[in-house]
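Enquirer: Pasting a structure here, questions to come.
2 protein chains.
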Amino acid sequence: MEKIENVAIIGLGLLGASLGMALRGRTYRRLGWTRRSEVRSWALENNVIDETRDDIKELLAKADLTILCLPIPRVMEYIETYADCWKPGAMVSDIGSVKEVIVNCGEKFLTPLGVNFVGGHPMAGTENSGPYAAFEKLYVNAEVFVTKTDNTSIEALNHVKEFWESIGTKVVVTALREHDSLVAHTSHISHILALALTEAVLDCDLETLALRYSGCATGFRDTSRITSSSPSMWREIIENNQTAVLEVLKEFGKRYTNLSEIIKNKDYDKLEAEFAKGKKMRDAWMEYKKG
Amino acid sequence: MEKIENVAIIGLGLLGASLGMALRGRTYRRLGWTRRSEVRSWALENNVIDETRDDIKELLAKADLTILCLPIPRVMEYIETYADCWKPGAMVSDIGSVKEVIVNCGEKFLTPLGVNFVGGHPMAGTENSGPYAAFEKLYVNAEVFVTKTDNTSIEALNHVKEFWESIGTKVVVTALREHDSLVAHTSHISHILALALTEAVLDCDLETLALRYSGCATGFRDTSRITSSSPSMWREIIENNQTAVLEVLKEFGKRYTNLSEIIKNKDYDKLEAEFAKGKKMRDAWMEYKKG
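Chains as they are written, first to last, in the working numbering: chain X, 1 to 291; chain D, 1 to 291.
Take a look at the structure:
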């Protein structure tokens, strides 16, 4: 395929609808579909997509590139259910937070039909979800992981890369396990921590709770922010990345136990050195992010 | 004392300088002092304070209310060093993040001299520090803890309450231990978590680090934000609140282990229920904060 014309965005939640918005004014024709017909109408009326149909199959048949912007189990379900709707040579990608289970599924059902599956994962999101939480700049400066396996078509990989780069993201090509271990560290673990923190602070009797409400300020607000994310989404992500998540839980546990021991031993010079090391590491990452 | 006229702000870092800014246009005369003379000049030139002196003692002698905006060890050092500078009937308060050690020190050195010490702790701050990080709205909607002990003068307590309320904060009166246990939960523990997370994610070999940099996005940014706070400040806070911090470390550890076990056992329905519970608890707190 020389040039992508029709891009199908399947699923118009936070990520799908924001993708449609980010593509405004670009050369692609945006075909959009989501289960609820009122959201399809909303997306059409608000210049989130250019075209929709009641029947998803009609859109998939037209699509040069399809981005499945769905929860992980739905991505796999749609690949299997609609495998024979895509035309040979078409490209299918997704935005799922884990890649091994999804890409294995994509290659299993699509590769034999001559349809190219290339896994994708933009590091973008907020604690909100749904189409009405979408905004045009969600992907600006985000990093997007695009996966490469022994079966990946290099031509399709390059098309998917260029697609994401066209909306101002930075693409990083990874292998499947490398990706899943990476995001367990950089993202999934934080959701377990934020949850455990929220429980340790707010899961108490009502009298204590009133006082705790007063004592929680911006530090708690930010450290716990992602606790407000979608429970079903995070269940699905961890369910589909258990091995890597357990490894990082262990790694975090080691660090946490070490700091606890330092405090128990009243070795405050060491504690200050750890705080200084952490600050230096995080500040360096922030500098990198600012670019 | 019927009315507070002269308020001395001792220490013009983030909290002290922001306090001076918050008092702009109020009826108090702001006397300000900090170690570095160039910061005293900056504060005077930028309407952060109304008056300063080279000699701190001259300011303390004039002050009806002094707010010690200093690191915890300095608060205690200044109380002891300058105890006989304040006039009898004057009030002294502070902004330290722990209260038991500070208030005990204040009552030990000041009460015998007829000077009223009332502990204070505004729940306000950012990961930045120093005078040039200060801003006028730092305290807006913040909660401020003011301490009450058997030795506290009710008149002084009320003056300190009114002072903080005059700049738009909400005052909560607490006992010393109650306060220190509370903030160990709502604030101190988050700093240990954020640090352990930063280490688990960024303390690795350089090749891995390059990839981790790509994989860290807004979730990591916010969960780890307070890792960028002042290492010496957080060392001092935890050093002076060890008992309560160790209790909360244990409490968090229990929650964390429980979640880890749920994931180990692949009990994902239970995990989703925990995510939902956490979201509900945090969202309710956010609603409370919005007022």
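Beta carbons: idealized from backbone N, C-alpha and C, even for Gly.
Remember, it's a predicted structure, so these values are computed and weren't measured experimentally.
Could you check whether the Cβ of A200/X sits closer than 7 Å to any heavy atom belonging to the ligand MN?
Expert: Absence of the ligand MN from the depicted structure is noted, as is the absence of any ligand whatsoever, leaving it without description.
Enquirer: For the region 191 to 218 of chain X, list every residue whose C-beta sits within 8 Å of some C-beta in chain D, in sequence order.
Expert: Hits within the stretch, in order: H191, I192, L193, A194, L195, A196, L197, T198, E199, A200, V201, L202, D203, L211, R212, Y213, S214, G215, C216, A217 and T218.
Enquirer: Report the neighbours of A124/D on chain X: residues whose CB is nearer than 9 Å to its CB, in chain order.
Expert: Chain X residues near A124/D: A217 and T218.
Enquirer: I need the boundaries of the beta strand (DSSP E) containing V173/X, first residue and last residue.
Expert: Where V173/X is concerned, the enclosing beta strand (DSSP E) stretches over K170 to T174.
Enquirer: What's the gap between the Cα of T152/X and the Cα of F145/X?
Expert: Computed Cα separation, rounded: 14 Å.
Enquirer: Please name the residues in the region 131 to 164 of chain D whose beta-carbon is closer than 8 Å to at least one beta-carbon of chain X, in chain order.
Expert: Against chain X - using a Cβ distance shorter than 8 Å - the residues of the region 131 to 164 of chain D are A142, E143 and F145.
Enquirer: So the alpha helix (DSSP H) A196/D belongs to, where does it begin and stop?
Expert: Run containing A196/D: I189 to L202, per the alpha helix (DSSP H) assignment.
Enquirer: Do we get a CB-CB distance below 8 Å when we pair Y78/D with the residues of chain X?
Expert: It does not; no Cβ of chain X falls within 8 Å.
Enquirer: Using a Cβ cut-off of 8 Å (strictly closer), state whether V245/X contacts chain D.
Expert: Answer yes: the Cβ-Cβ gap between V245/X and chain D drops below 8 Å somewhere.
Enquirer: So is I72/X in contact with chain D if we call contact Cβ pairs under 8 Å?
Expert: I72/X does not count as touching chain D.
Enquirer: Enumerate, from N- to C-terminal direction, the unbroken beta strand (DSSP E) stretches of 3 or more residues contained entirely within the region 122 to 185 of chain D.
Expert: The qualifying runs are 143 to 147 and 170 to 174.
Enquirer: Which residue's Cα is closest to the Cα of I237/D: G219/D, S224/D, D180/D and L209/D?
Expert: The option with the nearest alpha carbon to I237/D is D180/D.
Enquirer: Does the beta carbon of E287/D come closer than 8 Å to any beta carbon on chain X?
Expert: No, E287/D does not count as interfacial toward chain X.
Enquirer: Can you list, in chain order, the residues of its chain whose CB lies under 7 Å from that of V13/X, leaving out five sequence neighbours each side?
Expert: The amino acid at residue 13/X is misidentified as Val; the sequence shows Gly. The answer, listed in chain order, is C69, S129, G130 and P131.
Enquirer: Am I right that A22/X and D64/X are in contact with their C-beta atoms under 8 Å? What's the rounded C-beta distance?
Expert: About 18 Å; that fails the 8 Å criterion.
Enquirer: Which residue comes first and which comes last in the beta strand (DSSP E) that contains A8/D?
Expert: Element bounds for A8/D: N6 to I10.
Enquirer: I need the straight-line Cα distance from S41/D to L19/D, nearest angstrom please.
Expert: Their backbone Cα atoms lie some 17 Å apart in a straight line.
Enquirer: Output, in chain order, the set of chain D residues within a Cβ distance shorter than 7 Å of T227/X.
Expert: Under the 7 Å cutoff, chain D gives G278, K279 and R282.
Enquirer: Assess contact between the region 184 to 198 of chain D and the region 207 to 216 of chain D, defined as three or more Cβ pairs (one per stretch) separated by less than 8 Å. Is contact present?
Expert: With the cut-off at 8 Å, the region 184 to 198 of chain D and the region 207 to 216 of chain D do not touch.
Enquirer: Quick check on R53/X: does DSSP put it in helix, strand or coil?
Expert: Of the three classes helix, strand and coil, the one that applies to R53/X here is coil, per DSSP.
Enquirer: Mind listing the chain D neighbours of P112/X? Cutoff is C-beta to C-beta under 7 Å, in chain order.
Expert: Near P112/X there are no residues of chain D at all, since even the closest Cβ is about 31 Å away, more than 7 Å.
Enquirer: Tell me the DSSP secondary structure of W33/X in three-state form.
Expert: Three-state DSSP puts W33/X in a strand.
Enquirer: Indicate whether D94/X and G120/X have their beta-carbon atoms separated by less than 8 Å.
Expert: Closer than 8 Å, so yes.
Enquirer: Specify whether the region 73 to 87 of chain X and the region 98 to 113 of chain X touch according to this definition: at least 3 beta carbon pairs, one from each stretch, less than 8 Å apart.
Expert: Yes, the region 73 to 87 of chain X is in contact with the region 98 to 113 of chain X.
Enquirer: What residues from chain X crowd round D222/D, counting only those whose CB sits closer than 8 Å?
Expert: Near D222/D (Cβ distances below 8 Å), the residues of chain X are D222, T223, R225 and I226.
Enquirer: Per DSSP, which residues does D94/X bridge with? Please list them.
Expert: Bridge partners of D94/X: L68/X.
Enquirer: Would you say E107/D reaches chain X, if we count a Cβ-Cβ gap shorter than 8 Å as a contact?
Expert: Chain X, which has no Cβ nearer than 8 Å to the Cβ of E107/D, makes this no.
Enquirer: Just grab the DSSP bridge partners of G120/X for me.
Expert: In the DSSP output, where bridge partners are listed per residue, G120/X has V146/X.
Enquirer: Quick one: what's got a C-beta closer than 6 Å to A194/X's C-beta in the same chain, skipping five residues either side?
Expert: Cβ within range, chain order: S224, I226 and T227.
Enquirer: When the Cα of D205/D is compared with those of F117/X, A196/X, M281/X and G96/X, which residue comes out closest?
Expert: Of F117/X, A196/X, M281/X and G96/X, the residue nearest in Cα terms is M281/X.
Enquirer: For T169/D, which of K137/D, T147/D, A156/D and E178/D has the nearest alpha-carbon?
Expert: Closest by alpha carbon: K137/D.
Enquirer: Is L279/D buried or exposed, if buried means 16 or more other CB atoms sit within 10 Å of its CB?
Expert: First, the amino acid is wrong: residue 279/D is Lys here, not Leu. Classification for K279/D: buried.
Enquirer: Report all residues from its chain with a CB closer than 6 Å to the CB of I56/D; omit the five preceding and five following residues, and keep chain order.
Expert: W33.
Enquirer: Are E107/D and S229/D closer than 8 Å when you measure CB to CB?
Expert: No; because the gap between Cβ atoms is not below 8 Å, this pair is not in contact.
Enquirer: State the Cα-Cα distance for the pair E296/D and V140/D, rounded to the nearest angstrom.
Expert: The question about residue 296/D has no answer here: the residues shown for chain D are numbered 1 through 291.
Enquirer: Taking C-beta pairs closer than 7 Å, name the residues in chain D that Y28/X reaches, listed in chain order.
Expert: Within chain D, no residue comes near Y28/X; the closest Cβ sits about 25 Å away, beyond 7 Å.
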